[in-house]
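Participant:
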Amino acid sequence: MSGFLAQVLNGVQYGLLLFLISSGLTLIFGVMGVINLAHGSLFMIGAYIAYVLTAAAAPLWLAVAAAVAGGAMFGVVLERVLFRHFRTREHLDQVLLTFALVLLFEEARSLLVDNDFHAVAVPAILDFSVPISADFSYSAYRIFVLVVCLLLAGLLFLLIERTRFGAMIRAAAVNQEMVQLMGLDVAKIQVAVFALGTGLAVLAGGLAAPLYSVYPGMGDGFLIVSFVIVVIGGIGSVSGAFWSALLIGLVDTLGKVLVPGIAGMAIYLLMALVLLWRPSGLFARGG
Amino acid sequence: MMGRPTLLLLGLALLAVFPWLAPNFYVGLGSTALVWAMFALSLQLLVGVTGLVSLGHGAFFGLAAYSIFFVTPESGGLSILLTLPLAVAVAAVAALVIGALALRTRGFFFLMVTLAFAQMVFFLFHDTHVAGGDDGVFVARPVLGLGDLVIQTTKKTRNLVGYYVNLGLLAAMYLVLAWLLRSLFGRVLTGIRINEHRMRALGFDTYRYKLLAFVIAGALAGVAGHQWVMNDGFVNPELVGWHRSAEALLMILVGGLGFLYGPVLGAIALTALGEVSQLVTERQLLVQGLFILAMVLVLPQGLAGIRLRRRSAAGETA
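Top line first, the protein sequences correspond to chains A and B.
So for the first sequence, the working numbering puts the first residue at 1; every next one is plus one.
So for the second sequence, the working numbering puts the first residue at 1; every next one is plus one.
1. Looking at G56 of chain B: is its Cβ nearer than 9 Å to the Cβ of A131 of chain B?
2. Would the beta-carbon of V215 of chain B be found less than 8 Å away from any heavy atom of the ligand PLP?
3. Cβ closer than 8 Å: which chain A residues qualify as neighbours of R104 of chain B?
4. Would you call the CB atoms of G281 of chain A and I224 of chain A closer than 9 Å?
5. Between the Cα of V148 of chain A and the Cα atoms of A:A263, A:L5, A:W61, which residue gives the shortest distance?
6. Whose CA, out of B:P73, B:T157, B:F185, B:V176, lies closest to the CA of S31 of chain B?
7. Between L63 of chain B and chain A, is the shortest Cβ-Cβ distance under 9 Å, so that the two count as touching?
8. Find the residues of chain B that neighbour L156 of chain A, judging by a C-beta separation of less than 8 Å, and give them in chain order.
9. Less than 9 Å between CB atoms is the rule here; does G287 of chain A satisfy it with respect to chain B?
10. Tell me the DSSP secondary structure of F125 of chain B in three-state form.
11. Alpha carbon to alpha carbon, what distance is there between A33 of chain B and V264 of chain B?
12. For the segment 150-231 of chain A, list the alpha helix (DSSP H) runs that are entirely contained and at least 4 residues long, ordered along the chain.
13. Rounded to the nearest angstrom, how far is the Cβ of L37 of chain A from that of V102 of chain A, given a contact under 8 Å?
14. Is the segment 241-256 of chain A touching the segment 194-209 of chain A in the sense that three or more CB pairs, one from each, lie closer than 8 Å?
15. Identify each residue in the segment 93-126 of chain A for which the Cβ-Cβ distance to at least one residue of chain B is less than 9 Å, and report them in chain order.
16. Can you find the residues in the same chain that come closer than 6 Å, C-beta to C-beta, to L175 of chain B, ignoring five residues on each side of it along the sequence?
17. Going along the chain, which residues of the segment 259-275 of chain A sit with their C-beta nearer than 7 Å to a C-beta in chain B?
18. Going by beta carbon distance, what residues of the same chain come within less than 6 Å of A94 of chain B, once the five residues before and after it are set aside?
19. What residue range does the beta strand (DSSP E) around S54 of chain B cover?
20. Among A:D116, A:A63, A:V130, A:H91, which one has its Cα closest to the Cα of T384 of chain B?
21. Answer yes or no: do G24 of chain A and L200 of chain A have a C-beta to C-beta separation smaller than 9 Å?
22. So with CB distances below 9 Å, who are the chain A contacts of M120 of chain B?
23. What does the alpha-carbon distance come out to for the pair L276 of chain A and E196 of chain B?
24. Measure the beta-carbon distance from V214 of chain A to M32 of chain A and round it to whole angstroms, keeping in mind my assumption that it falls under 8 Å.
25. Given A272 of chain A, which residues of its chain have a CB within under 6 Å of its CB, disregarding the five upstream and five downstream residues?
26. Using 9 Å as the limit for Cβ to Cβ distance, is V231 of chain A near chain B?
27. Determine whether the beta carbon atoms of L180 of chain B and I216 of chain B lie at a separation below 9 Å.
28. Taking the alpha carbon of M230 of chain B as the point to measure from, which residue in B:G162, B:E275, B:T72 has its own alpha carbon closest?
29. Are there 16 or more other CB atoms within 10 angstroms of the CB of Q152 of chain B, so buried, or fewer, so exposed?
30. Indicate the three-state DSSP secondary structure (helix, strand or coil) for I35 of chain A in the structure shown.
31. 9 Å is my cut-off, CB to CB: does G107 of chain B come that close to chain A?
32. Please compile the residues from chain A whose C-beta is within a distance smaller than 9 Å of the C-beta of G289 of chain B.
33. Select from A:V95, A:A55, A:A72 the residue whose C-alpha is nearest the C-alpha of E243 of chain B.
34. Is it buried or exposed for A172 of chain B, if we count other Cβ within 10 angstroms and need 16 for buried?
35. Below 9 Å between beta carbons: does that hold for S42 of chain B and A221 of chain B?
36. 9 Å is my cut-off, CB to CB: does I252 of chain B come that close to chain A?
Okay, structure coming up:
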């Protein structure tokens, strides 16, 4: 029973990390209409910055904060220099452009760091186990990550549903021209959303580093799963991304434990089911 | 889409003559380029003709290749007359299943779904150990012939024979697609690319047309996958990966999205480029990434597109 509980918690924690990545993805896609295959690379960048800085004796929280700040600024640069001009381009161009970014980021990582697998230490203050029941205790760091992700999810929800800026984001996701006609600066909204999405992905990477270690191509797996989450959750819907991320996290983790045979395929079968039943996503916003 | 018979025949002639001019290693490389050309050409039916950008096409390529492994005994290769239809059938069925689900979505959703399904197939081979898992496995190459009537190839002549088999299949594939394009089916697909709503308003069941295109494209990818095994004799999960599909997309872009022969041009150009760049540096990802950036930013119409622009400029000023 305690083993099962541990797996459930693992699944939730995995799902919440995925939520950070996929919420950025769905926002960027909803507001800008741009597909970004390099979103997983941002996750990797966050993880590697955390690794490099902690290896240089910086505390994890500082490393992650630096990564997020750098990541958000990098996001602004990317948006200004590349993505802004690619909004209206063909799908094929966007796919290839962001694929090129994936390759370049991998090469940059190879040049700046290396191609090896590296563990990242859990910060000392969180390096213990929290007793949950008589015979079961869970890693404090994982609980920390869980709590942080939930807080962020809550903040994101407040931002999007309860603030003026959030209303602008939601409006821009539905009809950009109208937003512009109403006198709002769509370009500013887009930069902000892109920086936000980038920052979230980088943050997820930094938080994930002690859990999954850092290695080449680590972003790929998370990216594709994030796509599955966006497809299941419905485009532009952050709350949809939240629930479907949790679902995916649990299905994947529990699936690997309960039915090892289909293991990695479980979430894709789930996606297939959703496509059969509700192609526009379980929580799609207004079509 | 424009076909230019003389240009194409010239190209075919060049390709046919190439093995006599080049050393054996390059014949093998050319043979690989032709397999890639077939793969990219099959994808062109989806991307260039119907406007469906898919990142999962590698799944059909890989499944066809792996299917040969599953039927081939350790003792030796089976007849191509058995393996080729099997490979194509496997790929077509997979395309039917995946397409039926994926085509319930549009645009970027479709892209993400095809990517996800390809990843699923990747895990199928990677995580299970049915066929060597991550490491891949050797496959006895299919033989040309049936029963006792076989064209024997030595290691020396294998490249040459393989090259011409690939060239023949590529030419046949091109002719089939060119014919399809001119048919009603092809025109509906083009119409769907330009404006799907209008086609629906005209009464066409676009889902069915797209699905049929998807299955045909998958089947043709199966041909390419089969030829990969004939060339290489080795399969691994990488064949299915989305990086491969993205490279095929690149070939289409480089050759020219609006031309049926674009992918062939692109495949040859990219294979050649790959060889040259490997001489210069080990940083292949860097070269690839920069090249793609340059292509997308500077030359999105592809190689075939350059010629077209020059011609029309000349036409307008004349």
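The beta-carbon is built from N, C-alpha and C at its ideal position, and this holds for glycine as well.
As the structure is a computational prediction, the values presented were derived from the model and not from experiment.
Facilitator: Short version:
1. no
2. Although the ligand PLP was asked about, the structure shown includes no ligands whatsoever.
3. L275, L276, P279
4. no
5. A:W61
6. B:T157
7. no
8. Neighbours of L156 of chain A on chain B: none; closest Cβ ~21 Å, over 8 Å.
9. Confidence at G287 of chain A is low in this model, with a pLDDT of 36, below 50, so its placement is unreliable and the value that follows should be read with caution. Closer than 9 Å: no.
10. helix
11. 9 Å
12. 164-174, 176-181, 186-212
13. 6 Å
14. no
15. D93, Q94, V95, L96, L97, F99, A100, L101, V102, L103, L104, F105, E106, E107, A108, S110, L111
16. none
17. A263, G264, M265, Y268, M271, A272, L275
18. F60, L63
19. Run containing S54 of chain B: none; DSSP gives neither H nor E here.
20. For chain B, the structure presents residues 1 to 318; residue 384 of chain B sits outside this window and is missing.
21. yes
22. G264, M265, I267, Y268, L269, M271, A272
23. 21 Å
24. That pair is no contact at about 29 Å.
25. none
26. yes
27. yes
28. B:G162
29. exposed
30. coil
31. yes
32. F99, A100, L101, V102, L103, L104, F105, E106, E107
33. In the sequence on display, residue 243 of chain B carries His and not Glu. Among A:V95, A:A55, A:A72, the Cα nearest to that of H243 of chain B belongs to A:V95.
34. exposed
35. yes
36. yes
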